[in-house]
Amino acid sequence: MKKIYVDQDVCIGCGACAAIAPDAYEFNDEGLAQVKKEFKYDEASSDLQNDVMDALEGCPTGAIKEED
Ligand code: SF4
1109 MKKIYVDQDV
1119 CIGCGACAAI
1129 APDAYEFNDE
1139 GLAQVKKEFK
1149 YDEASSDLQN
1159 DVMDALEGCP
1169 TGAIKEED
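In short: position in the sequence shown from 1, add 1108, done, that's the numbering used here.
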């Protein structure tokens, strides 16, 4: 099961991920990105999975990580 998460020590809060995949990424009170609790990669539509991976690859600081 693939898990996507944001390393908040690396995130700069640029907003790109939430713009690309708002159903998966949101911001916490500190303005840093996090993956929505209800988001489960394996249960997401393939469109959303693609957007989530586009955001991962496009994150300017490499803060978005995946775990298998
Ligand atoms: S794209 Fe990367 S740096 Fe920008 S808000 Fe998302 S996780 Fe943070």
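Virtual Cβ for every residue (Gly too), placed ideally from N, Cα, C.
Checklist entry - What residues in its chain sit with their C-beta under 6 Å from that of ASP1131, if we drop five residues either side in the sequence? => result Counting from one through the sequence shown, the residue named residue 1131 turns up at place 23. Within the same chain, and ignoring the five residues on either side of ASP1131 in sequence, the residues whose Cβ sits closer than 6 Å to its Cβ are LEU1156.
Next on the checklist: Going by DSSP, what residue range makes up the alpha helix (DSSP H) through GLU1138?
Outcome noted: Taking the first residue of the sequence shown as position 1, residue 1138 is located at position 30. Careful: GLU1138 lies outside any alpha helix (DSSP H) and carries neither H nor E.
Item to check | As assigned by DSSP and simplified to three states, the class of VAL1143 | outcome: Position 35 of the sequence shown, counting from 1, holds the residue named residue 1143. Reduced to three states, the DSSP call for VAL1143 is strand.
Item to check | Coarse secondary structure for VAL1114, derived from DSSP in three states | outcome: By 1-based counting over the sequence shown, the position of residue 1114 is 6. It is a strand residue.
Item to check | Exposure label - TYR1133; buried when at least 16 CB within 10 Å | outcome: Taking the first residue of the sequence shown as position 1, residue 1133 is located at position 25. TYR1133 should be labelled buried.
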